[in-house]
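Structure record follows, encoded as C-alpha cells.
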Amino acid sequence: MYSHIRTLREDRDLLQKDIAEYLHCTQVTYSRYELGLRDIPTEVLIALAKFHNTSIDYLLGLTDIKQPYPRKK
C-alpha cells in the first residue's frame, strides 16, 4: 500500500475521483494505485510528485521526507 499517496490526498481534502480526473484515469484505477494492487506507471508518479510538490521516493514510501528534490528548469 502506498500510504503516503493516500495521506497526501486526504490532507488536501480530495477524493480519489478528483485525483483520477487530474491523472486522466478512472477512480478504480487510482484506488488500485493507493492500495498497491496496481503498479504506478512512471509518468503517473511524476505527475503525482508535481501535483503534491514532493519526491517520487516519498510517494513510494522510500523516505519520510516530503520536501522534493531540486528540479531541472
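Mapping to numbering that gives the first Met the number 0: the sequence shown position 55 is 54, numbers consecutive. Every residue, glycine too, gets a C-beta built ideally from N, C-alpha and C.
- Assuming Tyr1 and Ile18 form a contact by the criterion Cβ under 8 Å, report the distance between their Cβ atoms to the nearest whole angstrom. For the purposes of this step, residue 1 is taken as residue 2 along the sequence shown, with counting starting at 1. For the purposes of this step, residue 18 is taken as residue 19 along the sequence shown, with counting starting at 1. Beta-carbon to beta-carbon, Tyr1 and Ile18 are separated by about 12 Å, too far to satisfy the 8 Å threshold.
- Span of the alpha helix (DSSP H), counted from its first residue to its last, around Gln66: As a position in the sequence shown, residue 66 is number 67, starting the count at 1. Looking at the DSSP string, Gln66 is not in any alpha helix (DSSP H), and its letter there is neither H nor E.
- Task: Would you check if there are 3 or more beta carbon pairs closer than 8 Å linking the region 51–71 to the region 30–38?
- Result: Touching, no, given that fewer than three Cβ pairs across the two stretches are closer than 8 Å.
- At what residues does the alpha helix (DSSP H) containing Leu81 begin and finish? The question about residue 81 has no answer, for the chain in this structure spans 0 to 72.
- Query: Any heavy atom of the ligand ADP within a distance shorter than 8 Å of the CB on Asp63?
  - Reply: Absent from the structure shown: the ligand ADP. Ligands present: none.
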